[in-house]
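These notes are about the structure you will find just below.
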Amino acid sequence: MTRMALNIADSSRRMDSEAPDHNTREATLDLGQIAAAVRRQRWIFVAWVLLGLVAGIAHLATTPKSYQASAVLLLTGQTNTNIDEVTLVDGESVSEITIENALQVLQSQRLALRVVDQLDLTQDERYLSERQSQLALMTGQIKNVIRSLLSPLTGGEAPAATPEVVVTPEMEQERLREGVADRLQQRVRIYRIGQSSALTIIFETQSPELSADLANAYVQGYTEDIVEANQAVNEQTATWLSLRIAELGDEAREALTAVERFRVQNGLVESAEGLISSDSVRRVNDEYAVALADEARGRALVAAYESVLAMGPEALKDRGTRVLIPNNDEPVSILQQEFDQFLARRDEVLENFGAENPELVRLEAQIDDLASRLYNETQQAAARARGSLDVASERVTALRETLAKLVEANAVAGQALIELRALEQRAEAVSNLYEALLIQAERANQQRTLPVSNVRVLSLATVPLDPSSPSTVRTLGLGMILGLMAAALHTGLREQRERFVRTGSDVTERLGQRFLGYLPAVGGLPGPRRRRVVGPETILLESEALPPQPVRLPDVDLPVLRWPQSQFTETLRSIRLASDLALPGEGARIIGVTSLNPGEGKTTVAMNLAAVLAAGGQRTLLIDADLRKADLSLRLGLTGRSGLTSIATNQVPVEHAMTEMGSTGVDVIGSEGPNLGSLAYDVLSSPSLERMLAEARNTFRFIVLDLAPLGPVIDARLCLNFVDQVVMVAAWGQTPRKAISYNLAHDPLVRSRLLGIVLNLVDLKALPRYSATDMQPAYSAYYQEAAGTRG
Numbered sequence: 001m002t003r004m005a006l007n008i009a010d011s012s013r014r015m016d017s018e019a020p021d022h023n024t025r026e027a028t029l030d031l032g033q034i035a036a037a038v039r040r041q042r043w044i045f046v047a048w049v050l051l052g053l054v055a056g057i058a059h060l061a062t063t064p065k066s067y068q069a070s071a072v073l074l075l076t077g078q079t080n081t082n083i084d085e086v087t088l089v090d091g092e093s094v095s096e097i098t099i100e101n102a103l104q105v106l107q108s109q110r111l112a113l114r115v116v117d118q119l120d121l122t123q124d125e126r127y128l129s130e131r132q133s134q135l136a137l138m139t140g141q142i143k144n145v146i147r148s149l150l151s152p153l154t155g156g157e158a159p160a161a162t163p164e165v166v167v168t169p170e171m172e173q174e175r176l177r178e179g180v181a182d183r184l185q186q187r188v189r190i191y192r193i194g195q196s197s198a199l200t201i202i203f204e205t206q207s208p209e210l211s212a213d214l215a216n217a218y219v220q221g222y223t224e225d226i227v228e229a230n231q232a233v234n235e236q237t238a239t240w241l242s243l244r245i246a247e248l249g250d251e252a253r254e255a256l257t258a259v260e261r262f263r264v265q266n267g268l269v270e271s272a273e274g275l276i277s278s279d280s281v282r283r284v285n286d287e288y289a290v291a292l293a294d295e296a297r298g299r300a301l302v303a304a305y306e307s308v309l310a311m312g313p314e315a316l317k318d319r320g321t322r323v324l325i326p327n328n329d330e331p332v333s334i335l336q337q338e339f340d341q342f343l344a345r346r347d348e349v350l351e352n353f354g355a356e357n358p359e360l361v362r363l364e365a366q367i368d369d370l371a372s373r374l375y376n377e378t379q380q381a382a383a384r385a386r387g388s389l390d391v392a393s394e395r396v397t398a399l400r401e402t403l404a405k406l407v408e409a410n411a412v413a414g415q416a417l418i419e420l421r422a423l424e425q426r427a428e429a430v431s432n433l434y435e436a437l438l439i440q441a442e443r444a445n446q447q448r449t450l451p452v453s454n455v456r457v458l459s460l461a462t463v464p465l466d467p468s469s470p471s472t473v474r475t476l477g478l479g480m481i482l483g484l485m486a487a488a489l490h491t492g493l494r495e496q497r498e499r500f501v502r503t504g505s506d507v508t509e510r511l512g513q514r515f516l517g518y519l520p521a522v523g524g525l526p527g528p529r530r531r532r533v534v535g536p537e538t539i540l541l542e543s544e545a546l547p548p549q550p551v552r553l554p555d556v557d558l559p560v561l562r563w564p565q566s567q568f569t570e571t572l573r574s575i576r577l578a579s580d581l582a583l584p585g586e587g588a589r590i591i592g593v594t595s596l597n598p599g600e601g602k603t604t605v606a607m608n609l610a611a612v613l614a615a616g617g618q619r620t621l622l623i624d625a626d627l628r629k630a631d632l633s634l635r636l637g638l639t640g641r642s643g644l645t646s647i648a649t650n651q652v653p654v655e656h657a658m659t660e661m662g663s664t665g666v667d668v669i670g671s672e673g674p675n676l677g678s679l680a681y682d683v684l685s686s687p688s689l690e691r692m693l694a695e696a697r698n699t700f701r702f703i704v705l706d707l708a709p710l711g712p713v714i715d716a717r718l719c720l721n722f723v724d725q726v727v728m729v730a731a732w733g734q735t736p737r738k739a740i741s742y743n744l745a746h747d748p749l750v751r752s753r754l755l756g757i758v759l760n761l762v763d764l765k766a767l768p769r770y771s772a773t774d775m776q777p778a779y780s781a782y783y784q785e786a787a788g789t790r791g
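With the UniProt record's numbering, the residue at position 685 of the sequence shown is 685, and numbering never jumps.
So, in structure tokens, the structure goes:
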């Protein structure tokens with residue numbers, strides 16, 4: 001099967017599914033449609049691009065040449081060493097704020113005025129007499145016109161009258177100077193190089209020497225401004241330091257005087273270890289501790305003596321008792337040693353000679369005497385210990401009283417000492433600050449005569465040899481781009497106004513209907529055309545029957561017969577395939593052929609479609625159901641004879657009104673004539689016509705009705721009840737899409753019977769410009785070109 005048939009089958013499957021979302025489609029960018037629009041409007045693009053190039057050439061011819069010069073500065077972190085050290089700020093790094101500040105200085109009016117004065121620009125004709133391009137002049141004029149038109153709307157009340165000011169030559173010169181400086185501010189271009197702290201200063205004028213001079217003057221002016229600013233800061237710093245040093249010197253002297261005055265007033269005499277009162281407290285406290293220890297020792301000694309004396313002299317003979325006697329008294333210690341010797345001798349005699357030995361008696365007497373003497377000596381030692389205890393107690397009492405007095409006096413001195421320490425700390429702080437400022441003042445005085453700058457000049461501007469603008473390539477390129485943009489806008493407006501159906505995608509995607517194919521436009525049939533047989537212009541239907549139709553008409557020259565392999569014929573075959581796919585089976589089928597508007601070629605399609613159906617070996621009946629125009633009957637010469645109206649009014653049988661269309665094998669029932677609109681409703685809705693079509697189904701396989709257009713009249717809608725399928729013919733590039741969509745949306749019966757839409761009068765050469773996917777030109781080798789007719 002041919003490609004057209006396959007398209008119809010695919011279209012049929014698409015129509016069975018849900019209709020596409022038109023809003024989604026319109027919101028989607030289709031590059032194919034854009035390319036097709038560009039192809040359609042290619043001459044518009046050519047014209048606009050040429051216009052853009054002409055405008056670019058005119059701009060090049062009317063614009064004076066300008067030259068660009070640039071210099072490069074590098075910002076460093078060290079601005080003022082003195083300030084950096086005082087504020088403890090790291091001077092090596094360059095912050096974003098520093099760079100922004102440098103940009104503001106470079107763009108300031110002060111620097112611009114410095115450059116104006118340095119180069120004497122108010123007297124430099126190279127700068128004052130620069131010519132403007134025609135584009136700039138035209139733009140300025142347009143702005144002035146717009147401003148003059150808007151001034152009544154935005155000006156408000158007229159300003160109050162001010163006294164006239166006499167302008168002196170000095171004032172005029174200053175205005176000129178400020179105006180030149182303002183122009184410099186607007187023309188200077190400053191860019192940061194990457195992420196570095198380097199800045200490029202660019203100037204562009206019509207004089208190469210002036211461009212270099214301006215860029216270098218800006219570099220020099222900025223460097224000098226930075227040096228002067230740093231020197232001014234140094235001067236201010238040195239002056240401030242001098243005043244502050246004088247103030248701090250007076251404050252330091254006053255602080256030291258206050259310290260000494262407070263010390264004398266409060267009697268705060270200090271030694272190497274602190275206040276004298278504090279030393280006395282510590283010394284007396286130490287003596288008091290020693291006296292307490294002596295008193296405790298004496299009291300213990302007296303208690304020990306008294307405990308021994310309470311036992312009596314006899315107890316001293318016992319060695320355990322003698323141990324309790326303190327040994328700090330020398331006579332007592334000697335007697336104890338002697339007493340121990342006698343006791344040891346007694347024990348030895350007793351052990352060796354027994355208790356009866358006379359030596360033992362003598363020794364006992366001596367021991368008693370020694371015990372008595374030791375007891376008496378212990379009494380004397382106890383008396384001496386009591387005397388020492390009394391002395392120690394008196395000393396403790398005296399030291400306690402002295403220490404209490406000293407502590408009370410030292411507490412008063414401690415409060416005064418705190419205030420003294422505060423005064424000393426303040427005096428020390430003022431003295432330290434005074435010494436630091438003295439050092440800083442010395443450094444500031446050294447830097448007052450040294451130029452300090454945070455700017456390094458990386459490169460000075462050189463005199464440019466070649467002009468920088470206008471650039472031929474850029475200007476012509478911009479002209480082409482603007483031309484393309486204007487062409488795109490123009491094309492968009494034209495495409496937006498494109499409202500006619502032209503492609504199969506318009507039918508399937510925008511209208512949501514089955515697409516039946518393209519029927520090429522025709523300019524005339526090859527060879528001699530047959531003359532059409534035209535009946536009378538007016539037919540009066542009376543009781544007598546009109547003459548019957550001839551049995552057979554002469555041969556009709558149809559495109560489908562002359563070029564059976566043409567695209568025209570192939571499209572009609574695809575309509576038959578679509579009909580078979582929509583209504584499968586062997587039953588008879590009534591197909592109505594109509595259009596939205598007159599003159600879209602429905603009659604031509606109906607005649608050729610009937611011939612194609614009959615060529616397949618199936619009996620086919622063609623009926624002219626357009627009673628208002630009867631174009632089919634006029635072409636075949638059937639007017640003025642029995643036709644559809646005679647059948648519907650039962651004046652003649654069907655056989656009398658039927659004839660064969662040449663050698664096509666198509667039987668035709670014509671119309672008595674045109675201008676039968678008054679009878680259209682009665683004829684097309686009559687039961688007789690319905691019975692005739694029902695009987696024709698038993699005889700014919702296909703019945704093709706040439707219906708009236710849907711738009712202007714209702715005639716075609718009257719036949720829809722007994723029509724199986726409707727083929728709508730739309731003129732390519734003439735039938736509005738919205739008109740078709742509106743009529744189908746408001747006529748459900750037509751929409752339910754609609755087989756599809758076929759595009760007629762198609763310009764196959766122009767078709768690719770409207771469809772990026774249609775391959776009709778590529779298949780031209782398979783077709784023999786045929787010509788269709790309009791009607």
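The beta-carbon is built from N, C-alpha and C at its ideal position, and this holds for glycine as well.
Tell whether a beta-carbon distance below 8 Å holds between residue i and residue j.
i	j	result
L759	W732	yes
G592	A716	yes
I757	V507	yes
I201	V219	yes
R701	A588	yes
S459	A102	no
E295	A392	yes
V612	V683	no
residue 796	V727	Only positions 1 to 791 of the chain appear in the structure, and residue 796 is not among them; the question remains open.
I669	L644	yes
T378	L309	yes
P520	V762	yes
T98	L128	no
Y67	T237	no
T223	V457	yes
A255	A422	no
Exposed or buried, which one is residue i when buried takes at least 16 other CB atoms within 10 Å?
i	result
E672	buried
Y191	exposed
W48	buried
T664	buried
S17	Note that S17 has pLDDT 40, beneath the 50 cutoff, so the model's placement of it is unreliable and the number below is only indicative. Classification for S17: exposed.
A625	buried
N230	buried
Got a sec? Which residues, its chain only, sit under 6 Å from residue i by beta carbon, not counting five neighbours each side?
i	result
V463	P208, E209 and A212
A680	L627 and D715
A181	Q109, A112, L113 and V116
A610	T620, L622, V666 and V704
V533	Its pLDDT being 37, under 50, V533 is placed unreliably in this model, and the coordinates cannot settle the point.
R39	R769
Please go through the same chain and pick out, in chain order, the residues whose beta-carbon is closer than 8 Å to the beta-carbon of residue i, but skip the five residues on each side of it.
i	result
A694	F722
A487	Q41, I44, F45, A47, W48 and V49
P331	E377, Q380 and A381
N445	A238
L248	V430, L433, Y434 and L437
Can you list, in chain order, the residues of its chain with a C-beta nearer than 7 Å to that of residue i? Leave out the 5 residues immediately preceding and following it.
i	result
L60	P470, T472 and T475
L363	F342, R345, R346 and V349
Q185	Q107, Q109 and A112
L51	G483
P736	R499 and F500
query = Whole alpha helix (DSSP H) runs in the stretch 645 to 687 with 4 or more residues, listed along the chain?
reply = Given a length threshold of 4 residues, each whole run of the alpha helix (DSSP H) inside the stretch 645 to 687 is given here in chain order: 654 to 657 and 677 to 684.
Those runs of the beta strand (DSSP E) which lie wholly inside the stretch 338 to 382 and span at least 3 residues | Taking only runs of at least 3 residues, no beta strand (DSSP E) segment lies wholly in the stretch 338 to 382.
Would you mind listing the beta strand (DSSP E) stretches within the stretch 704 to 775 that are 3+ residues and don't spill past its ends, in chain order? Runs found: 725 to 731 and 754 to 762.
Assess contact between the stretch 575 to 585 and the stretch 744 to 756, defined as three or more Cβ pairs (one per stretch) separated by less than 8 Å. Is contact present? They touch, by the three-pair rule.
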